[in-house]
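Per mature numbering (1 follows the signal peptide of the UniProt record, and there is no 0): the sequence shown = residues -18 to -1, 1 to 100.
So the structure is just underneath, and the comments pick up after that.
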Amino acid sequence: MSKFLTFYLLLLSQFAFAETCETKRELFIENAATKVWKTTICPQQQLPFHTHEYARVVIPEETGSLKVTYASGHEVMITLEKQVPIFLSKVQGQESHQDLNTGNNALHVTVIELREQG
């Protein structure tokens, strides 16, 4: 009975966590020089198709993986390491794409858009 109760409580806690996770974007700064936001992607959730006009630096809060699926059908896996920034080029973001969190935990990434200055 004790093992069943432990399993049941663990299962309930997983459902409670899943219900509290919300895939979203939180804007911090937007001006002529830059745009900075935090994106949360829940486990096995994906962002809708979108594009990027500028290059970006992405800083993940957790280690995880994103599967990027382009409108053309081409897929790329991006491995994220906790607190290790990665650079994503302007070209990479121009084609319409979706980002899927392939893991079992939420991913939180801070995105710094590098707007071109004249």
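For each residue, glycine too, the CB sits at the ideal point set by N, CA and C.
For this session: List the residues that DSSP assigns as beta-bridge partners of tyrosine 52.
Result: Bridge partners of tyrosine 52: His79.
Exercise. In its own chain, which residues sit with a C-beta less than 8 Å from the C-beta of asparagine 87, not counting the 5 before and 5 after it?
Worked result: Closer than 8 Å at Cβ, skipping near neighbours: Pro25, Glu44 and Gly46.
Problem set entry | Test item: CB-CB of lysine 20 and glutamate 8 under 7 Å | Contact: yes.
Exercise. Hey, would you say lysine 6 sits closer than 7 Å to glutamate 95, going by beta carbons?
Worked result: no
Problem set entry | Selected residue, minimal CA-CA separation from phenylalanine 31, among Leu48, Val40, Lys49 and Gln80 | Gln80
For this session: Reducing DSSP to helix, strand and coil, say where lysine 20 ends up.
Result: Residue state, collapsed to three classes: strand.
Exercise. Apart from the five residues just before and just after lysine 72, which ones in its own chain have a Cβ nearer than 7 Å to its Cβ?
Worked result: Tyr36 and Ala37
Exercise. What does a CB cutoff of less than 6 Å around isoleucine 41 pick up in its chain, not counting 5 residues either side in sequence?
Worked result: Excluding sequence neighbours, isoleucine 41 sits near Pro67 and Thr92.
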